[in-house]
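Per the numbering used here, the sequence shown runs over residues 2 to 443.
Positions of the beta carbon are idealized from the N, C-alpha and C atoms, including for glycine.
In what follows, a structure is listed as structure tokens, so that the remarks can point back to it.
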Amino acid sequence: MGRLLRTGLNAGTDAPRVVGGKGAYFHLSDGRRVLDGSNTGGPLGHGHPRMAEALRKAADLPMVSEGWNWEGRDQAAEDLFDIALAGEESWAGAVRFCLSGSEANDIALSLSQALTGRKAIATRERAYHGLVGLSRDVTVQPHWHGGLAAPDGGTKRPPAGAPVHVLPAPEGALYRSHAEAAGCPAAPLAQRLDGAAAMLRDSAAVIVDYTQGGFYHDGAYQDAVAAIARREGAFWIADEVVTGIGRAGRGFAFQGGSSRPDLVTLGKGLGGGTTPVAAIVLSKDLAKALDGKSWQNYGTLRGHPVSMAAVSAYLRIVRDEALLPRVQALEGLYARRLVEIARRHPSVSRVAGQGLHWTIELHGPDWRQWLADTQEAPIASRVAGRALEAGAVIGTSGEQTSLFLAPPLIISDAESEQLLDILDHSLELADREHNAMMERVN
Ligand SMILES: Cc1ncc(COP(=O)(O)O)c(C=O)c1O
2 MGRLLRTGLN
12 AGTDAPRVVG
22 GKGAYFHLSD
32 GRRVLDGSNT
42 GGPLGHGHPR
52 MAEALRKAAD
62 LPMVSEGWNW
72 EGRDQAAEDL
82 FDIALAGEES
92 WAGAVRFCLS
102 GSEANDIALS
112 LSQALTGRKA
122 IATRERAYHG
132 LVGLSRDVTV
142 QPHWHGGLAA
152 PDGGTKRPPA
162 GAPVHVLPAP
172 EGALYRSHAE
182 AAGCPAAPLA
192 QRLDGAAAML
202 RDSAAVIVDY
212 TQGGFYHDGA
222 YQDAVAAIAR
232 REGAFWIADE
242 VVTGIGRAGR
252 GFAFQGGSSR
262 PDLVTLGKGL
272 GGGTTPVAAI
282 VLSKDLAKAL
292 DGKSWQNYGT
302 LRGHPVSMAA
312 VSAYLRIVRD
322 EALLPRVQAL
332 EGLYARRLVE
342 IARRHPSVSR
352 VAGQGLHWTI
362 ELHGPDWRQW
372 LADTQEAPIA
382 SRVAGRALEA
392 GAVIGTSGEQ
402 TSLFLAPPLI
412 ISDAESEQLL
422 DILDHSLELA
432 DREHNAMMER
442 VN
């Protein structure tokens with residue numbers, strides 16, 4: 002046993018060791034350069050010169066805890082509103098910074114509980130919102146529970162802190178195989194959300210994200226859930242930890258619907274991938290509801306000067322390098338090529354995505370039948386292993402049949418084509434197994 006405790010969700014103890022990185026590439030200890038194809042925390046790739054310069058300057062700043070005023074924190078808030086929330090002035094009210102997406106979601110949910118006096122919270126099927134406190138409670142995916150898991154399927158989850166309601170997931174795949182479409186026909190939205198009002202009647206908030214489980218933006222779904230939440234007195238939280246300020250190809254994924262959230266959570270790339278930093282944006286109404294009350298919530302390292310310098314630098318790079326239009330342009334390339342790839346690979350059951358976040362789901366066991374560290378690696382992990390041999394890090398979502406692409410927003414067209422070629426090549430392994438299985442069944 003080594004001194005460093007590892008998660009059961011990384012690529013195993015023989016995972017390659019990263020020794021450096023530049024642009025869209027990782028440098029490995031075996032001397033190879035591999036494309037960084039699935040890294041939601043690294044929107045600018047590695048070693049972006051302007052980020053590096055901002056951090057070098059920030060190294061001289063004093064240590065100031067969240068309890069003290071710090072002008073760089075006010076500046077980061079101003080930059081967030083001026084750059085990322087431009088056009089959203091009619092509803093966006095105030096921001097608070099914290100350390101991780103998990104923490105941001107826990108804070109948003111606990112604030113909702115404090116304001117409504119309700120205990121229950123709600124999410125949607127196959128969601129992941131984090132691994133602390135209430136964010137862990139609203140995590141539905143079976144492999145992210147913060148407890149202990151065994152290869153025979155046994156799991157010891159920590160008990161939940163709040164009752165959780167689970168709404169049906171949105172729809173909206175770009176590609177579904179015939180078998181997948183026949184097995185799960187899409188029901189009309191009103192029918193799917195039939196029980197939602199009863200669930201939200203006693204909920205403090207409903208939290209919705211835009212990538213997890215391979216479910217992306219669906220404006221009609223968002224607007225319907227938002228309307229039900231409002232009617233039933235529950236807040237609506239947009240979890241934009243993955244999608245906010247870049248990856249969706251617009252400021253926020255929720256901008257694809259007409260409703261606007263009560264709270265938005267941000268994280269992952271908010272500091273350009275260089276520091277752990279996250280945020281909770283409150284609507285004007287919610288910010289007003291805090292008037293005259295002191296929000297008893299504090300963290301020593303929240304709003305740290307280095308993180309605030311990173312947030313300001315990242316936001317300005319997104320603006321100055323016109324990264325949102327760049328991601329929109331790349332979205333077309335990924336959509337076109339992924340559908341074309343899926344049509345040629347019988348192992349692919351579903352493709353969905355937005356901007357620079359794409360899920361490729363393979364035929365295989367249902368996501369609910371997840372098993373921990375099995376003797377034979379799951380099919381998605383084996384495809385990822387083949388991709389690594391071929392020169393790209395393509396991640397699994399932790400599920401057995403699900404791969405995702407989330408390259409840096411600065412990736413070039415040629416690098417994107419190379420990443421997609423490697424995926425195409427790696428899927429041949431899944432096809433062979435899928436075809437052999439189909440022959441056994443028929
Ligand atoms: C949608 C979503 N919300 C929240 C989180 C949690 O963020 P963090 O890992 O920074 O705690 C994640 C992480 O993958 C996520 O995908």
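query: So does residue 212 have its beta carbon nearer than 7 Å to some heavy atom of ligand 1?
result: One-based indexing of the sequence shown puts residue 212 at position 211. Answer for residue 212: yes, Cβ within range of ligand 1.
- prompt: residue 226: beta carbon under 7 Å from a heavy atom of ligand 3?
  reply: Ligands present in the displayed structure are limited to ligand 1, and ligand 3 is not among them.
- prompt: Given a threshold of 16 other Cβ atoms within 10 Å of its Cβ, counted over all protein chains shown, does residue 299 qualify as buried or as exposed?
  reply: Here the question's residue 299 lines up with position 298 in the sequence shown. Label assigned to residue 299: exposed.
- request: Assign residue 37 to one of three DSSP states: helix, strand, or coil.
  value: For this step, residue 37 is matched to residue 36 along the sequence shown. Correct three-state label for residue 37: strand.
- prompt: So which of 314, 332, 27 has the shortest CA-CA distance to residue 56?
  reply: Walking along the sequence shown from the start, residue 56 turns up at place 55. If we check each option's Cα against that of residue 56, 314 comes out closest.
- request: Just mark residue 158 as buried or exposed, buried being the case when its beta carbon has 16 or more other beta carbons within 10 Å.
  value: Mapped onto the sequence shown, residue 158 falls at position 157. Exposed.
message: Considering only their Cβ atoms, is the gap separating residue 65 from residue 306 smaller than 8 Å?
response: Here residue 306 refers to the residue found at position 305 when the sequence shown is read from its first residue. Here residue 65 refers to the residue found at position 64 when the sequence shown is read from its first residue. Against a cut-off of 8 Å, the Cβ pair of residue 65 and residue 306 comes out as a contact.
query: residue 291 to residue 277, Cα distance in whole Å?
result: Along the sequence shown, one-based indexing puts residue 291 at 290. Along the sequence shown, one-based indexing puts residue 277 at 276. If you take the alpha carbons of residue 291 and residue 277, they lie about 26 Å apart.
query: So is the beta-carbon of residue 242 under 7 Å away from any non-hydrogen atom of ligand 1?
result: The sequence position of residue 242 within the sequence shown is 241, counting from 1. For ligand 1, at least one heavy atom lies less than 7 Å from the Cβ of residue 242.
message: Between which two residues does the beta strand (DSSP E) holding residue 333 run?
response: If you number the sequence shown from 1, residue 333 lands on position 332. Taken as a continuous stretch (DSSP letters only), residue 333 belongs to no beta strand (DSSP E), being part of the alpha helix (DSSP H) at 324 to 345.
message: In the DSSP assignment, the alpha helix (DSSP H) including residue 57 goes from what residue to what residue?
response: For the purposes of this step, residue 57 is taken as residue 56 along the sequence shown, with counting starting at 1. Where residue 57 is concerned, the enclosing alpha helix (DSSP H) stretches over 50 to 59.
query: Tell me which same chain residues have a C-beta within less than 7 Å of the C-beta of residue 21, skipping the five on either side of it?
result: As a working note, residue 21 is residue 20 in the sequence shown. Cβ neighbours of residue 21 beyond the five flanking positions: 28.
query: Which ranges does the beta strand (DSSP E) cover as unbroken runs of at least 3 residues, wholly within the region 197 to 225, from first to last along the chain?
result: 204 to 210
- request: Quick one: using the 10 Å Cβ neighbour count with 16 as the cut-off for buried, is residue 11 buried or exposed?
  value: Start at 1 with the first residue of the sequence shown, and residue 11 comes out as number 10. Residue placement at residue 11 is flagged as unreliable, the pLDDT there being 44, under the threshold of 50; the coordinate-derived value follows with that caveat. By the 10 Å Cβ count, residue 11 comes out exposed.
message: So for residue 174, helix, strand or coil by DSSP?
response: As a working note, residue 174 is residue 173 in the sequence shown. Residue 174: coil per DSSP, three-state reduction.
message: Just to confirm before moving on: does the CB-CB distance between residue 381 and residue 400 stay below 8 Å?
response: Against the sequence shown, residue 381 aligns to sequence position 380. Against the sequence shown, residue 400 aligns to sequence position 399. The answer is yes: Cβ separation under 8 Å.
message: Between which residues of its own chain and residue 397 is the CB-CB distance below 7 Å, once the five residues before and five after are set aside?
response: Residue mapping note: residue 397 aligns to position 396 of the sequence shown, counting from 1. If we look at residue 397 and ignore the five residues flanking it on each side, its Cβ neighbours are 381, 382, 385, 403, 404.
query: So, helix, strand or coil for residue 376, using DSSP?
result: The residue you call residue 376 lines up with position 375 of the sequence shown. Coil.
query: Per DSSP, what kind of secondary structure is residue 157 in: helix, strand or coil?
result: Residue mapping note: residue 157 aligns to position 156 of the sequence shown, counting from 1. In the structure shown, residue 157 sits in a strand (DSSP, three-state: E or B).
Classification of residue 33 by the beta-carbon crowding that lies within 10 angstroms, buried from 16 upward: Here the question's residue 33 lines up with position 32 in the sequence shown. Classification of residue 33: exposed, given that the 10 Å Cβ count is below 16.
message: Could you compute how far the alpha carbon of residue 187 sits from the alpha carbon of residue 172?
response: Sequence index remark: in the sequence shown, residue 187 carries index 186 (1-based). Sequence index remark: in the sequence shown, residue 172 carries index 171 (1-based). Approximately 7 Å, taken between the alpha carbons.
query: Going by C-alpha distance, which of 106, 257, 245, 419 is nearest residue 223?
result: By one-based count along the sequence shown, residue 223 stands at place 222. Among 106, 257, 245, 419, the Cα nearest to that of residue 223 is on 257.
- prompt: From this set, 414, 247, 254, 250, which residue's C-alpha is nearest residue 210's C-alpha?
  reply: Here residue 210 refers to the residue found at position 209 of the sequence shown. Considering only alpha carbons, the answer is 254.
message: Below 8 Å, how does it come out for the region 320 to 338 and the region 134 to 147: are there three or more Cβ pairs, yes or no?
response: no
task: Select from 301, 387, 174 the residue whose C-alpha is nearest the C-alpha of residue 431.
output: Within the sequence shown, the letter at position 430 stands for residue 431. Out of 301, 387, 174, 387 has the C-alpha closest to the C-alpha of residue 431.
- prompt: Under three-state DSSP, which class holds residue 104?
  reply: Mapped onto the sequence shown, residue 104 falls at position 103. In the structure shown, residue 104 sits in a helix (DSSP, three-state: H, G or I).
task: Going by DSSP, name the residue or residues bridged to residue 167.
output: As a first step, residue 167 is located in the sequence shown; it is residue number 166 there, counting from the start. For residue 167, which the question treats as bridged, DSSP gives the partners 124.
Under 8 Å between C-beta atoms of residue 250 and residue 356: Start at 1 with the first residue of the sequence shown, and residue 250 comes out as number 249. Start at 1 with the first residue of the sequence shown, and residue 356 comes out as number 355. In contact: residue 250 and residue 356 (Cβ atoms closer than 8 Å).
- prompt: Is it the case that the Cβ atoms of residue 126 and residue 170 are separated by a distance below 8 Å?
  reply: The count along the sequence shown starts at 1 and reaches residue 126 at position 125. The count along the sequence shown starts at 1 and reaches residue 170 at position 169. Result yes, Cβ atoms of residue 126 and residue 170 sit closer than 8 Å.
- request: Look at the alpha carbon of residue 137 and the alpha carbon of residue 129, and state the distance between them as a whole number of angstroms.
  value: Within the sequence shown, numbered from 1, the residue matching residue 137 stands at position 136. Within the sequence shown, numbered from 1, the residue matching residue 129 stands at position 128. Looking at the two C-alpha atoms, the distance is approximately 8 Å.
- request: Pull up the distance between the alpha-carbon of residue 241 and that of residue 179, whole angstroms please.
  value: Here residue 241 refers to the residue found at position 240 when the sequence shown is read from its first residue. Here residue 179 refers to the residue found at position 178 when the sequence shown is read from its first residue. Their Cα atoms are separated by approximately 32 Å.
message: Quick check: does the Cβ of residue 217 come within less than 7 Å of any heavy atom belonging to ligand 1?
response: Here residue 217 is taken as the residue at index 216 of the sequence shown, counted from 1. No, Cβ of residue 217 sits at least 7 Å from all heavy atoms of ligand 1.
query: Got a sec: does ligand 1 put a non-hydrogen atom nearer than 7 Å to the Cβ of residue 134?
result: Reading the sequence shown from its first residue, position 133 is the one you call residue 134. Checking the Cβ of residue 134 against ligand 1 gives no.
field: Secondary structure, alpha helix (DSSP H): runs of 4+ residues fully inside the region 214 to 292
entry: 220 to 233, 285 to 290
message: Considering only their Cβ atoms, is the gap separating residue 206 from residue 113 smaller than 8 Å?
response: Taking the first residue of the sequence shown as 1, we reach residue 113 at position 112. Taking the first residue of the sequence shown as 1, we reach residue 206 at position 205. Yes, these two residues count as a Cβ contact at 8 Å.
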